[in-house]
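Residues 7 to 231 in the working numbering are what the sequence shown lists, from first letter to last. Quick notes on the structure that follows.
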Amino acid sequence: MAKFVASVLACRWFDRAAIVTDEDAEDSKSPNLWRIATVHRIEELKCIVRMLPIWSAGILLVTASSHLHSFVIQQARSMDRHLSHSFEIPPASLSIFSILTTLAGLVLYERLFVPFARRLEVSMGNYIGTLVVSLVHKYTGRKNNWLPDRNLNRGKLDYYYWLITGIQAINLVYYVICAWFYTYKPLEEVKEEDVPAEDEIQHKQFNYAEGKGDVERIMLKEKEM
(Lines of atoms letter the chains of each structure in order from A; the text may use other names.)
(Lines give C-alpha, C1' and ligand atoms only; values in the text may rest on other atoms or scores of the structure.)
Protein backbone atom coordinates (compact mmCIF):
# COMPACT_ATOMS: atom_id res chain seq x y z
CA MET A 7 0.00 0.00 0.00
CA ALA A 8 1.41 3.36 -1.06
CA LYS A 9 0.53 6.81 0.25
CA PHE A 10 0.22 9.75 -2.10
CA VAL A 11 -0.89 13.34 -1.70
CA ALA A 12 -4.49 13.63 -2.84
CA SER A 13 -4.83 15.24 -6.26
CA VAL A 14 -6.63 18.58 -6.67
CA LEU A 15 -7.88 20.48 -9.71
CA ALA A 16 -6.03 23.68 -8.81
CA CYS A 17 -2.86 24.58 -10.74
CA ARG A 18 -3.55 21.92 -13.35
CA TRP A 19 -0.81 23.27 -15.63
CA PHE A 20 1.72 21.58 -13.33
CA ASP A 21 0.25 18.19 -14.31
CA ARG A 22 1.92 18.44 -17.70
CA ALA A 23 5.27 17.73 -16.06
CA ALA A 24 4.14 14.11 -15.49
CA ILE A 25 3.25 13.36 -19.11
CA VAL A 26 5.40 10.58 -20.54
CA THR A 27 6.27 11.22 -24.19
CA ASP A 28 7.26 8.62 -26.78
CA GLU A 29 10.87 9.73 -26.44
CA ASP A 30 10.79 9.08 -22.71
CA ALA A 31 9.17 5.68 -23.21
CA GLU A 32 11.84 4.54 -25.66
CA ASP A 33 14.70 5.73 -23.45
CA SER A 34 16.08 2.80 -21.45
CA LYS A 35 18.14 5.01 -19.15
CA SER A 36 16.95 6.69 -15.99
CA PRO A 37 14.49 9.51 -16.81
CA ASN A 38 15.70 13.10 -16.63
CA LEU A 39 14.05 14.71 -13.62
CA TRP A 40 14.18 18.10 -15.36
CA ARG A 41 11.94 16.74 -18.14
CA ILE A 42 9.49 14.56 -16.23
CA ALA A 43 8.31 14.41 -12.63
CA THR A 44 6.19 12.08 -10.55
CA VAL A 45 2.57 12.88 -9.78
CA HIS A 46 3.38 12.87 -6.08
CA ARG A 47 6.06 15.53 -6.54
CA ILE A 48 3.69 17.69 -8.56
CA GLU A 49 1.06 17.53 -5.83
CA GLU A 50 3.68 18.51 -3.25
CA LEU A 51 4.62 21.52 -5.39
CA LYS A 52 0.95 22.50 -5.55
CA CYS A 53 0.80 22.44 -1.75
CA ILE A 54 3.76 24.84 -1.54
CA VAL A 55 2.33 27.21 -4.16
CA ARG A 56 -1.07 27.32 -2.44
CA MET A 57 0.56 28.22 0.88
CA LEU A 58 2.44 31.24 -0.54
CA PRO A 59 -0.49 33.69 -0.08
CA ILE A 60 -0.77 32.80 3.62
CA TRP A 61 3.01 33.09 4.02
CA SER A 62 3.05 36.51 2.35
CA ALA A 63 0.60 37.85 4.96
CA GLY A 64 3.41 37.63 7.53
CA ILE A 65 5.52 40.20 5.66
CA LEU A 66 3.31 43.16 6.56
CA LEU A 67 3.11 41.84 10.11
CA VAL A 68 6.85 42.42 10.49
CA THR A 69 6.47 45.84 8.86
CA ALA A 70 4.52 47.08 11.88
CA SER A 71 7.37 46.27 14.26
CA SER A 72 10.32 47.14 12.03
CA HIS A 73 10.64 50.70 13.45
CA LEU A 74 9.67 49.85 16.99
CA HIS A 75 13.18 50.15 18.40
CA SER A 76 13.75 53.57 16.82
CA PHE A 77 10.48 55.49 17.14
CA VAL A 78 9.63 54.18 20.61
CA ILE A 79 12.95 55.41 22.00
CA GLN A 80 12.61 58.76 20.27
CA GLN A 81 9.04 59.02 21.51
CA ALA A 82 10.13 58.18 25.06
CA ARG A 83 12.66 61.01 25.00
CA SER A 84 9.78 63.46 24.52
CA MET A 85 7.74 61.99 27.41
CA ASP A 86 7.74 62.65 31.12
CA ARG A 87 9.28 59.41 32.40
CA HIS A 88 9.53 60.36 36.09
CA LEU A 89 7.88 57.91 38.46
CA SER A 90 9.11 60.00 41.36
CA HIS A 91 11.34 63.02 41.93
CA SER A 92 14.42 60.81 42.10
CA PHE A 93 13.59 58.00 39.64
CA GLU A 94 13.32 58.37 35.87
CA ILE A 95 12.79 55.50 33.42
CA PRO A 96 15.47 55.37 30.69
CA PRO A 97 14.07 55.83 27.17
CA ALA A 98 15.41 52.51 25.91
CA SER A 99 13.67 50.61 28.71
CA LEU A 100 10.20 51.25 27.27
CA SER A 101 10.84 48.75 24.50
CA ILE A 102 10.77 45.97 27.10
CA PHE A 103 6.98 45.76 26.72
CA SER A 104 7.26 44.68 23.11
CA ILE A 105 9.96 42.18 24.05
CA LEU A 106 7.72 40.63 26.70
CA THR A 107 4.93 40.29 24.15
CA THR A 108 7.32 38.62 21.73
CA LEU A 109 8.52 36.17 24.38
CA ALA A 110 4.92 35.27 25.25
CA GLY A 111 4.20 34.20 21.67
CA LEU A 112 7.63 32.73 20.92
CA VAL A 113 6.59 29.11 21.35
CA LEU A 114 3.63 29.46 18.99
CA TYR A 115 5.73 31.42 16.53
CA GLU A 116 8.43 28.73 16.36
CA ARG A 117 5.87 26.04 15.61
CA LEU A 118 4.18 27.94 12.80
CA PHE A 119 7.15 29.16 10.81
CA VAL A 120 10.25 27.34 9.68
CA PRO A 121 13.57 29.19 10.14
CA PHE A 122 14.01 29.96 6.45
CA ALA A 123 10.53 31.42 6.03
CA ARG A 124 10.96 33.42 9.22
CA ARG A 125 14.20 35.04 8.06
CA LEU A 126 12.73 35.82 4.66
CA GLU A 127 9.58 37.38 6.10
CA VAL A 128 11.53 39.52 8.57
CA SER A 129 13.86 40.83 5.88
CA MET A 130 11.05 41.63 3.44
CA GLY A 131 8.99 43.20 6.24
CA ASN A 132 11.91 45.46 7.18
CA TYR A 133 12.35 46.55 3.56
CA ILE A 134 8.66 47.37 3.26
CA GLY A 135 8.81 49.23 6.58
CA THR A 136 11.64 51.37 5.23
CA LEU A 137 9.61 51.99 2.08
CA VAL A 138 6.60 53.12 4.15
CA VAL A 139 8.73 55.62 6.10
CA SER A 140 10.24 56.95 2.86
CA LEU A 141 6.77 57.43 1.37
CA VAL A 142 5.60 59.21 4.54
CA HIS A 143 8.56 61.59 4.35
CA LYS A 144 7.91 62.21 0.67
CA TYR A 145 4.17 62.88 0.75
CA THR A 146 3.81 64.66 4.11
CA GLY A 147 6.30 67.38 3.16
CA ARG A 148 8.89 69.21 5.23
CA LYS A 149 6.64 71.55 7.18
CA ASN A 150 3.95 69.04 8.21
CA ASN A 151 6.14 65.96 8.24
CA TRP A 152 4.67 63.14 10.32
CA LEU A 153 8.14 61.91 11.29
CA PRO A 154 10.47 64.86 11.93
CA ASP A 155 14.16 64.20 12.35
CA ARG A 156 14.55 65.69 15.84
CA ASN A 157 11.50 66.89 17.77
CA LEU A 158 8.55 64.49 17.57
CA ASN A 159 6.27 67.07 19.18
CA ARG A 160 6.31 68.92 15.87
CA GLY A 161 5.29 65.84 13.92
CA LYS A 162 2.28 63.57 13.66
CA LEU A 163 3.55 60.27 15.00
CA ASP A 164 -0.02 59.24 15.87
CA TYR A 165 -0.95 59.55 12.18
CA TYR A 166 1.90 57.19 11.32
CA TYR A 167 0.68 54.64 13.87
CA TRP A 168 -2.85 54.91 12.49
CA LEU A 169 -1.43 54.28 9.01
CA ILE A 170 0.32 51.14 10.23
CA THR A 171 -2.90 50.06 11.97
CA GLY A 172 -4.83 50.45 8.72
CA ILE A 173 -2.24 48.42 6.83
CA GLN A 174 -2.46 45.65 9.43
CA ALA A 175 -6.26 45.65 9.22
CA ILE A 176 -6.09 45.18 5.45
CA ASN A 177 -3.42 42.52 5.92
CA LEU A 178 -5.67 40.68 8.41
CA VAL A 179 -8.54 40.62 5.91
CA TYR A 180 -6.12 39.35 3.26
CA TYR A 181 -4.89 36.60 5.59
CA VAL A 182 -8.43 35.51 6.49
CA ILE A 183 -9.36 35.27 2.80
CA CYS A 184 -6.26 33.16 2.06
CA ALA A 185 -6.93 30.91 5.05
CA TRP A 186 -10.60 30.56 4.06
CA PHE A 187 -9.81 29.27 0.57
CA TYR A 188 -6.99 27.02 1.74
CA THR A 189 -7.94 23.35 2.05
CA TYR A 190 -5.97 20.62 3.76
CA LYS A 191 -4.78 17.83 1.51
CA PRO A 192 -4.68 14.44 3.22
CA LEU A 193 -2.62 11.46 2.09
CA GLU A 194 -4.42 9.03 -0.17
CA GLU A 195 -3.73 5.32 0.27
CA VAL A 196 -3.67 3.38 -3.00
CA LYS A 197 -3.43 -0.38 -3.42
CA GLU A 198 -1.87 -1.59 -6.64
CA GLU A 199 -4.50 -4.32 -7.05
CA ASP A 200 -7.21 -1.62 -6.98
CA VAL A 201 -5.79 0.11 -10.05
CA PRO A 202 -7.34 -1.23 -13.30
CA ALA A 203 -4.84 -2.57 -15.78
CA GLU A 204 -6.31 -0.58 -18.66
CA ASP A 205 -5.90 2.69 -16.75
CA GLU A 206 -2.25 2.15 -15.95
CA ILE A 207 -0.29 3.29 -18.99
CA GLN A 208 3.27 3.26 -17.81
CA HIS A 209 5.44 2.67 -14.77
CA LYS A 210 8.70 4.54 -14.40
CA GLN A 211 11.38 3.98 -11.80
CA PHE A 212 13.24 6.99 -10.43
CA ASN A 213 16.53 6.41 -8.64
CA TYR A 214 18.09 9.25 -6.63
CA ALA A 215 21.61 10.03 -5.48
CA GLU A 216 23.42 8.33 -8.38
CA GLY A 217 21.16 5.31 -8.64
CA LYS A 218 20.45 4.89 -4.94
CA GLY A 219 17.30 5.78 -3.09
CA ASP A 220 13.59 5.18 -3.12
CA VAL A 221 11.69 3.99 -6.16
CA GLU A 222 8.71 5.99 -7.34
CA ARG A 223 6.19 5.19 -10.01
CA ILE A 224 4.28 7.35 -12.41
CA MET A 225 0.77 6.15 -13.07
CA LEU A 226 -0.91 8.13 -15.83
CA LYS A 227 -4.61 7.56 -16.36
CA GLU A 228 -6.33 7.84 -19.67
CA LYS A 229 -8.24 11.06 -20.10
CA GLU A 230 -11.32 11.45 -22.21
CA MET A 231 -10.74 13.85 -25.04
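Quick reminder that beta carbons are idealized off the backbone N, C-alpha and C, glycines included.
Residue i and residue j: beta carbons closer than 7 Å?
i, j, result
"Gln174", "Ala70", "yes"
"Lys127", "Val68", "The residue you asked about is not Lys; residue 127 is Glu in the sequence shown. Yes, these two residues count as a Cβ contact at 7 Å."
"Gly161", "Asn151", "yes"
"Ile65", "Cys184", "no"
"Ser84", "Asn159", "yes"
"Gly131", "Ser72", "yes"
"Tyr180", "Ala63", "yes"
"Leu100", "Ala82", "yes"
Would you identify the three-state DSSP class for residue i, choosing helix, strand or coil?
i, result
"His91", "coil"
"Leu163", "helix"
"Met85", "coil"
"Ile134", "helix"
"Pro59", "helix"
"Arg156", "coil"
"Pro96", "coil"
"Ala185", "helix"
"Gly64", "helix"
"Lys149", "coil"
"Phe20", "helix"
"Val45", "helix"
"Ser72", "coil"
"Gly217", "Note that Gly217 has pLDDT 33, beneath the 50 cutoff, so the model's placement of it is unreliable and the number below is only indicative. Three-state result, Gly217: coil."
"Gly172", "helix"
If you draw a straight line from the C-alpha of residue i to the C-alpha of residue j, how long is it?
i, j, result
"Leu163", "Asn157", "11 Å"
"Thr44", "Val142", "49 Å"
"Ala203", "His46", "Any reading at Ala203 is ruled out, since the residue's pLDDT is 44, under 50, leaving its predicted position unreliable."
"Leu51", "His88", "57 Å"
"Leu169", "Val139", "11 Å"
"Asp155", "Lys144", "13 Å"
"Phe20", "Ile105", "43 Å"
"Ser90", "Ile79", "20 Å"
"Phe103", "Leu109", "10 Å"
"Ala98", "Glu49", "49 Å"
"Asp86", "Leu153", "20 Å"
"Leu178", "Gly147", "30 Å"
"Ile95", "Thr171", "27 Å"
"Val182", "Leu137", "25 Å"
"Glu116", "Thr107", "14 Å"
"Tyr133", "Trp186", "28 Å"
"Ser129", "Cys53", "24 Å"
"Lys149", "Phe93", "36 Å"
Taking only heavy atoms of the ligand FMN into account, decide whether any of them is closer than 6 Å to the Cβ of residue i.
i, result
"Tyr180", "This structure lacks the ligand FMN; in fact it carries no ligand of any kind."
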